Amino acid sequence: MTLRRVSSVLALAFAVLVVVAAWLVTGGIVAPVRRLLAATRRVAGGDLTSRVDVEGRDEIGELAAAFNEMTSELAEASARVEELHRREIERAQQLATVGELASGVAHEIKNPLVGISNGMDLVMRRVGDDPTLSPIAEEMSRQLERIESAVRDLLAYARPSEPTREPTEVNRVVRRVVTLVGPAADRRGVHVRTALDPSVAEIPADEELVRQALVNLLMNAVQATAPASEVGVRTRRAEAEVQIEVWDRGRGIPPQDLENIFKPFYTTRHSGTGLGLSITREVVERHGGRIEVESEVGRGSTFRIALPLSVPVESEGTRSGVDA
């Protein structure tokens with residue numbers, strides 16, 4: 002065999018090897034990668050049922066297995082989110098119905114309640130210090146105050162109002178709240194302490210709504226605290242926000258109740274509507290703030306409200322008539 006002939010045979014053999022190698026590479030690497038890319042595009046388009054059918058234990062096979070596992074987890078997570086969303090919609094519809102009913106009931110009660118309250122004031126003046134009638138009249142007055150408080154809560158929950166923001170001095174609001182809650186604390190023998198940071202600036206807020214939220218928190222603290230104990234309110238400035246803390250040395254909140262305490266109509270007490278904390282959170286969030294709670298059973302609780310020093314962009318849109 003001549004050298005020329007040998008060279009031709011070797012060249013042909015090399016060409017065959019190149020073709021075979023190219024076919025193997027195309028079938029073993031390029032094609033699986035293309036299938037993986039196509040599946041990725043389908044998943045990106047929202048098809049979480051897409052899977053890659055790639056066998057083998059090489060890097061491509063491991064990548065395909067990891068992709069399939071990731072897609073399965075995404076599908077499960079998406080299903081959970083959809084179920085939670087469905088439940089939230091159902092709950093929102095239920096609460097809207099309850100809110101309408103509560104509003105109607107509250108309005109029906111409110112008008113005659115005003116007459117009863119005025120009549121009770123007259124009875125208190127007539128009774129005076131009568132040793133027999135005075136305790137009865139005082140108890141009736143306290144129960145009437147509870148009814149009025151429940152009606153206010155129902156109206157506030159059923160028809161929440163948008164904040165009317167004006168420069169508000171936080172420390173002054175806190176002092177006013179302490180004055181309002183003072184008589185209830187005195188009756189229980191609970192001392193209210195304050196630690197107000199003088200550097201706390203004014204914030205754009207609806208003073209009446211903020212006061213309502215703080216009254217709810219401080220009244221809860223007083224009611225959760227044993228006689229001869231104490232509760233307190235602290236203020237501080239932290240970067241772009243003002244923080245208000247209401248603490249008590251009461252019984253604390255069990256861990257299983259912490260995730261529910263801000264839900265409407267949820268209460269661990271025998272009295273009350275269970276709307277106070279729900280209304281408080283609503284007020285705080287409408288101001289673009291947040292509310293947090295730390296609690297330890299047997300040692301007490303601390304509720305922390307954080308309100309921004311400036312009006313959030315979405316709140317400005319709401320104030321100007323754009324639904325944020």
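If you're matching positions, the sequence shown starts at 2 in the numbering used here and goes up one per residue. For each residue, glycine too, the CB sits at the ideal point set by N, CA and C. These numbers were taken from a predicted model, which means no experiment stands behind them.
Could you say which of the options lies nearest to residue i if we only look at CA atoms?
{"i": "Asp258", "options": "Val294, Arg188, Val124, Arg189", "result": "Val294"}
{"i": "Val232", "options": "Gly190, Pro256, Phe263", "result": "Gly190"}
{"i": "Thr72", "options": "Arg88, Ile90, Arg42", "result": "Arg42"}
{"i": "Leu145", "options": "Arg126, Gly120, Leu37", "result": "Gly120"}
{"i": "Ala202", "options": "Thr226, Thr180, Arg237", "result": "Arg237"}
{"i": "Phe263", "options": "Ala225, Leu197, Gly289, Leu218", "result": "Leu218"}
{"i": "Ile292", "options": "Ala66, Arg173, Leu278, Ser230", "result": "Leu278"}
{"i": "Glu167", "options": "Pro184, Arg143, Arg194, Pro205", "result": "Pro205"}
{"i": "Met220", "options": "Asp198, Leu85, Leu197, Leu276", "result": "Leu276"}
{"i": "Thr50", "options": "Arg35, Ala80, Glu63", "result": "Ala80"}
{"i": "Gly301", "options": "Val223, Val284, Val44", "result": "Val223"}
{"i": "Ser311", "options": "Ala241, Met141, Glu297, Arg235", "result": "Ala241"}
{"i": "Phe304", "options": "His288, Val247, Glu297", "result": "Val247"}
{"i": "Gly289", "options": "Thr281, Glu297, Pro309", "result": "Pro309"}
{"i": "Ser296", "options": "Pro255, Glu286, Asn261", "result": "Pro255"}
{"i": "Arg176", "options": "Val211, Ser142, Arg143", "result": "Val211"}
{"i": "Arg287", "options": "Thr180, Glu163, Val193, Gly62", "result": "Glu163"}
{"i": "Val285", "options": "Gly253, Ala214, Thr169", "result": "Ala214"}
{"i": "Leu234", "options": "Gly116, His192, Arg88", "result": "Note on identity: in this sequence residue 234 is Val, with Leu being the wrong assignment. Minimum Cα distance to Val234 is reached at His192."}
{"i": "Asp48", "options": "Thr180, Asp130, Glu77", "result": "Glu77"}
{"i": "Arg52", "options": "Gly46, Glu70, Glu63", "result": "Glu70"}
{"i": "Glu63", "options": "Leu37, Glu84, Val128", "result": "Leu37"}
{"i": "Ala65", "options": "Leu75, Asp54, Glu74", "result": "Asp54"}
{"i": "Thr408", "options": "Asp207, Leu75, Val216", "result": "Nothing can be reported for residue 408, as the shown portion of the chain is limited to 2 through 325."}
{"i": "Ala227", "options": "Val128, Arg188, Asp198", "result": "Arg188"}
{"i": "Gly253", "options": "Glu170, Glu260, Val298", "result": "Val298"}
{"i": "Asn172", "options": "Pro199, Thr165, Met141", "result": "Pro199"}
{"i": "Met141", "options": "Asp131, Met125, His86, Arg88", "result": "Met125"}
{"i": "Leu75", "options": "Glu84, Val44, His86", "result": "Val44"}
{"i": "Ile117", "options": "Asp249, Ile280, Arg88, Arg143", "result": "Arg143"}
Can you tell me where the beta strand (DSSP E) holding residue i begins and where it ends?
{"i": "Asp249", "result": "242–249"}
{"i": "Ala307", "result": "301–309"}
{"i": "Pro168", "result": "167–170"}
{"i": "Glu295", "result": "291–297"}
{"i": "Thr195", "result": "192–196"}
Rounded C-beta distance between residue i and residue j? I'm assuming under 8 Å.
{"i": "Gly251", "j": "Ala225", "result": "3 Å"}
{"i": "Ala307", "j": "Gln244", "result": "5 Å"}
{"i": "Glu149", "j": "Leu114", "result": "6 Å"}
{"i": "Ala40", "j": "Phe68", "result": "7 Å"}
{"i": "Val174", "j": "Glu208", "result": "6 Å"}
The alpha helix (DSSP H) that contains residue i, what's its start and end?
{"i": "Arg287", "result": "277–287"}
Would a check of beta-carbon distances place residue i closer than 8 Å to chain B?
{"i": "Ala65", "result": "The structure shown has no chain B; it contains just one protein chain."}
Between residue i and the ligand GTP, is the CB less than 7 Å from at least one heavy atom?
{"i": "Leu49", "result": "You won't find the ligand GTP in this model; it holds no ligand whatsoever."}
Report the start-end ranges of each alpha helix (DSSP H) in the stretch 201–264 that is 4 residues or longer and not cut off at the edges.
Whole alpha helix (DSSP H) segments, 4+ residues: 208–225, 256–259.
Within the chosen definition, does the stretch 180–188 reach the stretch 134–141 through at least 3 CB pairs nearer than 8 Å?
no
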